[in-house]
Amino acid sequence: MANKILAVLEQREGQLKRSAFETVGMAAKLASELNLEVEAVVTGNEISNINDIGSYGISKVIHLKNPDFENYSSSGYRDAVTDYANESDADYLLLANTSMGKDLAPLLGVKLNAGCIMDCVNIDVSSGNLIATRPVYAGKALIDVKPKSAKIVITIRPNVFKPVPGGSSSPQIEVREISSPNLQTRVVEFKKAEGKLDVAEADIIVSGGRGMKGPEHFDLIEELADLLGGAVGASRPVVDAGWRPHSEQVGQTGKTVSPSLYIACAISGAIQHLAGMSSSKYIVAINKDKEAPIFSVADYGIAGDVFEVLPALIEEIKKIKA
Amino acid sequence: MKIAVCVSHVPDTATKVKVSSDGVSIDPTGVTYIINPYDEYAVEEALSTKEKLGNNSEVVVISVGSDKSKETIRKALAMGADSGVLLKDDNPRDSFAVAKALSEEIKAQGCELVFCGKQSVDYDNTITGQLVAEMLGYSCIPVIVEFNLEGNKITAEREIEGGREIVETVLPAVLTAQKGLNEPRYASLRGIMTAKKKTIEEKPAADAESLTEVLKMHLPPPKKAGRILGTDSSAVPELVSLLREEAKVL
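This is the structure in structure tokens:
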């Protein structure tokens, strides 16, 4: 019989990420629905916002601490979290489906002999058993999955489960110094992409397609994205042509995204692209061709010339932001 | 050094997904299958690493699946891999059970360096490479866009949110390939001809229990068609007001 959920949280540069609070919120919710104990565990050195965990519903936090944990080390984090998961006899481990979560979850799965259900967009426990739903084929379909192992590692898709802070309780924080961690595999440097927001983490995405006619016209896309506090996305042809980096590609061989707002500029909407973005909450399409498939998933469309519409949209947004 | 590449035979990304009558998988009728796109980068990296290491190296391609997976193995052989192994299983397995079969074979073959695609574009699970590494006790760096091997030391760059991590580790290791790692070579006519003569060893995949079970596959609810607000910039004010007042996203 299951007894405990462990939320395994991610910090970068000494700060818990937004996805960490989503994980806390989901773990707390599952624990209350299943009547289980819940704890959070975070691996790192100094963590400035660790107290915030309390207001998202978890009152006990284990901080696995070492100066070398400032940067990610899959071997070091894996061993530290595995030891704690074994000691505390946790049944469910919950992580965010970020780069770190995708790396760490399967390593923990093997160590704990736990099946892995990745990138969940829904977790249903109403029957008393856990059934998780996750997208496959880049979102063209979904599968409902149940664990067959006694222990299970689950990752949740970022941006889907919005955490709601409630109250301001300070959590009980237990610091454990980890001596001589296993640093066989470790990050030695992080090269930050010039202060830009990543397309996978953005709440608003402005994306450009081949109809932008050249890399030089992406300054319009960048300007609108900046104004909205969002990220720049791109379609596959644009990335393959070398106009934009692959890290911005949205679609089946790029990133699958679900922001609150996705603005598709001069993107026709190939099936691979639609798969990667159609779970966005609101979609705006601007495209000359009113028959373009992108309009079949768009909430609002303007069937016009992107070079005429985009500057007007930028001006209008400037007005409301002023 | 013996280098392994794990490949997967998957529906083309242009596939329109329909759920099969079994209710848990896709209907394969009319679907074209291809080598998983990320596996092509893995094959290329294995081949170029072999070329750098010189004569004593070889590349073995391994796949878990039905007879049809031989097509994908053949494709990797045509690109230049030396031999292929099909670990046969006609039944679906979860990533855990696939990784178990792969890791047993990699161990038997004595491969110290393993490349996989960072995910297969069917189940998008993103974990098979890491599972294989952990089952073998190998190091692992997933989602790489740069790879360097000096002696037994590996330096790789991996793409993460908002930038790149430079990661160091040592052999034996599993790396999973992201788009941008390299430009996969095309199979030459000679390569295709030679591939036909190369043997694909077939054996049953090692027994392994799946730790998860798919209960149901379903399609996302269709999006209701939206509104076209106009054909030029005169529609912009209405668009912005809808985004503010109806969608409440601005």
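Protein chains in written order, with my numbering: chain A, 4 to 325; chain B, 1464 to 1713.
For glycine and all other residues, C-beta sits at the position ideal for the given N, C-alpha and C.
Quiz item: Do we get a CB-CB distance below 9 Å when we pair K1666 of chain B with the residues of chain A?
Solution: The residue you call residue 1666 of chain B lines up with position 203 of the second sequence. It does not; no Cβ of chain A falls within 9 Å.
Quiz item: So which of B:I1604, B:I1607, B:P1555 has the shortest CA-CA distance to D1585 of chain B?
Solution: Residue mapping note: residue 1585 of chain B aligns to position 122 of the second sequence, counting from 1. Each of B:I1604, B:I1607, B:P1555 was checked against the Cα of D1585 of chain B, and the nearest Cα belongs to B:P1555.
Self-check item: Alpha-carbon to alpha-carbon, K114 of chain A and H276 of chain A
Solution: Residue mapping note: residue 276 of chain A aligns to position 273 of the first sequence, counting from 1. Residue mapping note: residue 114 of chain A aligns to position 111 of the first sequence, counting from 1. Each residue's alpha carbon lies about 36 Å from the other.
Practice problem: Would you verify that the beta carbon of V1482 of chain B is, or is not, closer than 9 Å to some beta carbon of chain A? | Solution: Residue 1482 of chain B sits at position 19 when you count from the first residue of the second sequence. It does: the Cβ of V1482 of chain B has a partner Cβ on chain A nearer than 9 Å.
Quiz item: Under a CB-based cut-off of 9 Å, is G142 of chain A close to chain B?
Solution: Taking the first residue of the first sequence as 1, we reach residue 142 of chain A at position 139. True, the Cβ-Cβ gap to chain B drops below 9 Å.
Exercise. Write down every uninterrupted run of the beta strand (DSSP E) in the segment 1539 to 1568 of chain B whose length is 3 residues or greater and which is fully enclosed by it, in chain order.
Key: Segments of the beta strand (DSSP E) lying fully in the segment 1539 to 1568 of chain B: 1546 to 1551.
Quiz prompt | Extent of the continuous alpha helix (DSSP H) to which G1626 of chain B belongs | solution = Against the second sequence, residue 1626 of chain B aligns to sequence position 163. Not the alpha helix (DSSP H): G1626 of chain B falls in the beta strand (DSSP E), residues 1626 to 1633.
Practice problem: Could you tell me the distance, in whole angstroms, from the CA atom of P218 of chain A to the CA atom of A153 of chain A? | Solution: The count along the first sequence starts at 1 and reaches residue 218 of chain A at position 215. The count along the first sequence starts at 1 and reaches residue 153 of chain A at position 150. Take the alpha-carbon of P218 of chain A and the one of A153 of chain A: they are about 52 Å apart.
Quiz item: Are K1513 of chain B and E1521 of chain B close, meaning C-beta to C-beta below 9 Å?
Solution: In the second sequence, counting from the first residue as 1, residue 1513 of chain B sits at position 50. In the second sequence, counting from the first residue as 1, residue 1521 of chain B sits at position 58. For the pair K1513 of chain B and E1521 of chain B, the CB atoms are nearer than the 9 Å cut-off.
Exercise. Please say whether I297 of chain A and L231 of chain A have beta carbons closer to each other than 9 Å?
Key: Position 228 of the first sequence, counting from 1, holds the residue named residue 231 of chain A. Position 294 of the first sequence, counting from 1, holds the residue named residue 297 of chain A. Against a cut-off of 9 Å, the Cβ pair of I297 of chain A and L231 of chain A comes out as no contact.
Quiz item: What in chain B is Cβ-close to Y2 of chain A, meaning under 8 Å?
Solution: Beyond the ends of chain A as shown, which are 4 and 325, falls residue 2 of chain A; an answer cannot be given.
Quiz prompt | Any C-beta of chain A under 9 Å from that of L1716 of chain B | solution = Residue 1716 of chain B is absent from the structure shown; chain B starts at 1464 and stops at 1713.
Exercise. Go ahead and label Q372 of chain A buried or exposed: buried means 16 or more other beta carbons lie within 10 angstroms of its beta carbon, across all protein chains shown.
Key: With chain A covering 4 to 325 only, the question about residue 372 of chain A has no answer from this structure.
Practice problem: Name the residue from B:E1631, B:L1565, B:S1471 whose alpha carbon lies nearest to the alpha carbon of K1531 of chain B. | Solution: Numbered from its first residue, the second sequence carries residue 1531 of chain B at position 68. Measuring from the Cα of K1531 of chain B, the nearest candidate turns out to be B:S1471.
Practice problem: Compile a chain-ordered list of the residues in the segment 1592 to 1603 of chain B whose CB is closer than 7 Å to at least one CB of chain A. | Solution: Within the segment 1592 to 1603 of chain B, the qualifying residues are Q1593, L1594, E1597, M1598, S1602, C1603.
Quiz item: Under 9 Å between the Cβ atoms of V1677 of chain B and K105 of chain A?
Solution: Taking the second sequence and counting its residues from 1, one reaches residue 1677 of chain B at position 214. Taking the first sequence and counting its residues from 1, one reaches residue 105 of chain A at position 102. Taking 9 Å as the cut-off, the beta carbon of V1677 of chain B is found no closer than this to the beta carbon of K105 of chain A.
Self-check item: Contacting residues, own chain, Cβ-Cβ under 6 Å from I155 of chain A (five flanking each side not counted)
Solution: For the purposes of this step, residue 155 of chain A is taken as residue 152 along the first sequence, with counting starting at 1. Excluding residues within five positions, the ones whose Cβ falls inside 6 Å are Y95, A117, G118.
Self-check item: Per-residue DSSP class, three states only, for M121 of chain A
Solution: Position 118 of the first sequence holds residue 121 of chain A. Assignment of M121 of chain A by DSSP, reduced to helix, strand and coil, places it in the strand class.
Practice problem: Leaving aside the five residues before and after K324 of chain A along the sequence, list all residues of the same chain whose C-beta is less than 8 Å from its C-beta, in chain order. | Solution: Position 321 of the first sequence, counted from the start, is the residue given in the question as residue 324 of chain A. L230, listed in sequence order.
Quiz item: Taking the alpha carbon of A83 of chain A as the point to measure from, which residue in A:I50, A:S282, A:E180 has its own alpha carbon closest?
Solution: As a first step, residue 83 of chain A must be located in the first sequence, where it is residue number 80. The option with the nearest alpha carbon to A83 of chain A is A:E180.
Self-check item: Min CB distance E1507 of chain B to chain A below 9 Å
Solution: Here residue 1507 of chain B is taken as the residue at index 44 of the second sequence, counted from 1. The beta carbon of E1507 of chain B does not come within 9 Å of any beta carbon belonging to chain A, so the residue lies off that interface.
Exercise. Please confirm whether K1563 of chain B and S1529 of chain B have their CB atoms less than 9 Å apart.
Key: Counting from one through the second sequence, the residue named residue 1563 of chain B turns up at place 100. Counting from one through the second sequence, the residue named residue 1529 of chain B turns up at place 66. Judged by their CB atoms, K1563 of chain B and S1529 of chain B are not nearer to each other than the 9 Å cut-off.
Quiz item: On the three-state DSSP scale, how would you describe R247 of chain A?
Solution: Your numbering for residue 247 of chain A matches position 244 in the first sequence. Under the three-state reduction of DSSP output, R247 of chain A falls in the coil class, being neither helix nor strand.
Quiz item: Between the beta-carbon of V309 of chain A and the beta-carbon of A269 of chain A, is there less than 9 Å?
Solution: Along the first sequence, read from residue 1 onward, the residue named residue 309 of chain A stands at position 306. Along the first sequence, read from residue 1 onward, the residue named residue 269 of chain A stands at position 266. One thing to note: V309 of chain A has its Cβ within 9 Å of the Cβ of A269 of chain A.
Quiz item: Can you find a C-beta in chain A that's less than 9 Å from the C-beta of M1680 of chain B?
Solution: On the second sequence, position 217 is the one that residue 1680 of chain B refers to. So, interface residue.
Practice problem: Can you tell me the Cβ-Cβ gap for G2 of chain A and L200 of chain A, rounded? I've got them flagged as a contact below 8 Å. | Solution: Residue 2 of chain A is absent from the structure shown; chain A starts at 4 and stops at 325.
Self-check item: 6 Å CB neighbourhood of R189 of chain A in its chain, flanking five on each side removed
Solution: Taking the first sequence and counting its residues from 1, one reaches residue 189 of chain A at position 186. Non-local C-beta neighbours of R189 of chain A in its own chain, meaning closer than 6 Å and more than five positions away in sequence, comprise S76, ordered along the chain.
Self-check item: Short-range partners of chain B found in the segment 248 to 267 of chain A, where Cβ spacing is below 7 Å
Solution: Within the segment 248 to 267 of chain A, those residues whose Cβ lies closer than 7 Å to any Cβ of chain B are, in chain order, H249, S250, Q255, T256, S263, L264.
Quiz item: Beta-carbon separation of L1640 of chain B and A1650 of chain B under 9 Å?
Solution: Taking the second sequence and counting its residues from 1, the one referred to as residue 1640 of chain B is at position 177. Taking the second sequence and counting its residues from 1, the one referred to as residue 1650 of chain B is at position 187. Before going further, note that residue 1640 of chain B is Ala rather than Leu in the sequence given. Going by C-beta atoms, A1640 of chain B is not nearer than 9 Å to A1650 of chain B.
Quiz item: Closest to M1464 of chain B by CA distance: which of B:T1694, B:A1636, B:K1687, B:P1683 is it?
Solution: One-based indexing of the second sequence puts residue 1464 of chain B at position 1. When each option's Cα is compared against that of M1464 of chain B, the closest is B:A1636.
Quiz item: Buried or exposed: where does L1652 of chain B fall if 16 or more other Cβ atoms within 10 Å of its Cβ makes it buried?
Solution: Locating residue 1652 of chain B in the second sequence gives position 189, where the first residue counts as 1. By the 10 Å Cβ count, L1652 of chain B comes out exposed.
Quiz item: Is L110 of chain A near T158 of chain A, with beta carbons less than 9 Å apart?
Solution: The count along the first sequence starts at 1 and reaches residue 110 of chain A at position 107. The count along the first sequence starts at 1 and reaches residue 158 of chain A at position 155. Pairing L110 of chain A with T158 of chain A gives a Cβ-Cβ distance that is not under 9 Å.
Exercise. Write down the C-beta distance between Q14 of chain A and G47 of chain A rounded to the nearest angstrom, noting that I regard them as a contact closer than 8 Å.
Key: The residue given as residue 14 of chain A occupies position 11 in the first sequence. The residue given as residue 47 of chain A occupies position 44 in the first sequence. Rounded, the Cβ-Cβ distance is 4 Å, consistent with contact.
Exercise. Can you grab the Cα-Cα spacing for the pair N1645 of chain B / E1508 of chain B, in whole Å?
Key: Along the second sequence, read from residue 1 onward, the residue named residue 1645 of chain B stands at position 182. Along the second sequence, read from residue 1 onward, the residue named residue 1508 of chain B stands at position 45. N1645 of chain B and E1508 of chain B: Cα-Cα distance of roughly 7 Å.
Exercise. May I ask which residues mark the beginning and end of the alpha helix (DSSP H) holding R1707 of chain B?
Key: Working through the second sequence from its first residue, we reach residue 1707 of chain B at position 244. Per DSSP, R1707 of chain B belongs to the alpha helix (DSSP H) from 1699 to 1708.
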